[in-house]
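Just add 46 to wherever you are in the sequence shown, counting from 1, and you've got the working numbering.
No residue lacks a Cβ here, since even glycine has one placed at the ideal position from N, Cα and C.
What you are looking at is a predicted structure, and each value in this text was computed from that prediction instead of being measured.
Single-structure report; data block below.
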Amino acid sequence: MSLFNKLFHSNKLEQPVDMSMISTDMHSHLIPGIDDGSKSIEESLELVKALYNIGYRKLVTTPHIYTEIFKNTPDIILQGLEKLKVALHEANIPVKIEAAAEYMYDDTLTKKFKAGELLSFGKKYVLIELSSFITPVNLFQLLFDMKIDGYLPILAHPERYAYWHDDFENYINLKDREILFQVNLPSLSGYYSPQVRMMAEKLIENNMVEFVGTDIHNMEYFEQIEKSRYSKYLEKLINSGNLLNPTL
Ligand SMILES: [Fe+2]
């Protein structure tokens, strides 16, 4: 390592992480036109191709289901998936693709769960995000009920909930209840804020992370994913033995 690197880039790897070690992504917005992710089939193909080229071989894409903003249903998502599969086949991009959803935690999530309408993946994993601004209420009850029913809840990007940043106990309480954590790659590049990056690193440091996701919406995210490949914490996460992405 050069002296310059030692002095100024001690937290950066010299070579990017080989993403085929992760192999499967389980958080993205690749179905065009149904949320704030890809806007067209052409954009979806560009994003998938970019992920394929850095080593991903399987994608579980997760459009938002957020009643107030993105009123998606399993039917809408699965129809979109079929169209994307056809386009990927025609474009000769040999990636496996499935769909689930990124569920916003709100009243309607409890209703959907009770109605048996949840889209899950792998071992009945369900990806759940929280509001960015409002501390969740009664979250533990729903997570408990879901686990009793055989679901394995994954909390999407726990590092991004600023209202928890000053009290790490919030994270410990969730891990005590065996809730799985998924960190975003763009968090590791500092895309959202230095605080989000530090929390992502702290969660990895404390062996509290089981999944890593791209959360890719557009090519701006891909640029951040490329930067995150130089994170020593990403390497540490892959070497931790905790990462479940390759099992999907
Ligand atoms: Fe997302």
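Best match in the options for proximity to residue i [C-alpha to C-alpha]
i	options	result
S166	P199, E92, A137, E136	P199
I250	Y237, E272, I262, Y217	Y217
Y151	D212, N253, E128, P182	P182
Y279	L294, K157, M245, M265	M245
E163	L134, D121, F190, A133	D121
A147	E175, V141, Q187, A161	E175
L290	Y171, N99, M265, K95	Y171
D191	K160, W210, F227, L173	K160
D195	N219, K169, D213	K169
L76	T70, Q61, E92, M65	E92
Same chain only: Cβ atoms within 6 Å of residue i, ignoring 5 sequence neighbours per side
i	result
A208	none
G273	Before going further, note that residue 273 is Lys rather than Gly in the sequence given. These residues qualify, in order along the chain: S235.
S239	none
N118	I80, P109, I111
M47	Per-residue confidence for M47 stands at a pLDDT of 48, beneath the threshold of 50, marking its modelled position as unreliable; no derived number is given.
V242	E205, R206, S233
Own chain, CB closer than 8 Å to residue i, minus 5 neighbours either side, in chain order
i	result
S86	P78, G79
E144	K104, L105, V106, T107, L127, F167
F116	I80, D81, D82, P109, H110
I284	V63, M67, I68
Cutoff 8 Å: residue i Cβ touching any chain D Cβ
i	result
K282	Of the protein chains in the structure, only one exists, and it is not chain D.
CB-CB length for residue i against residue j, believed under 8 Å
i	j	result
S178	R206	7 Å
I68	V255	Incorrect: roughly 12 Å between the Cβ atoms, too far for contact.
Neighbourhood of residue i by C-beta distance below 7 Å, restricted to the same chain and skipping five residues each side
i	result
E247	Y279
At what residue ranges does the stretch 107-169 contain a whole run of the alpha helix (DSSP H), taking only runs of 4 or more?
120-136, 153-160
Fully enclosed by the stretch 224-282, which alpha helix (DSSP H) runs are 4 residues long or longer?
231-234, 240-251, 265-274
How would the residue list near ligand 1 read, in chain order, if you kept each one whose beta-carbon is closer than 5 Å to any heavy atom?
E148, D261
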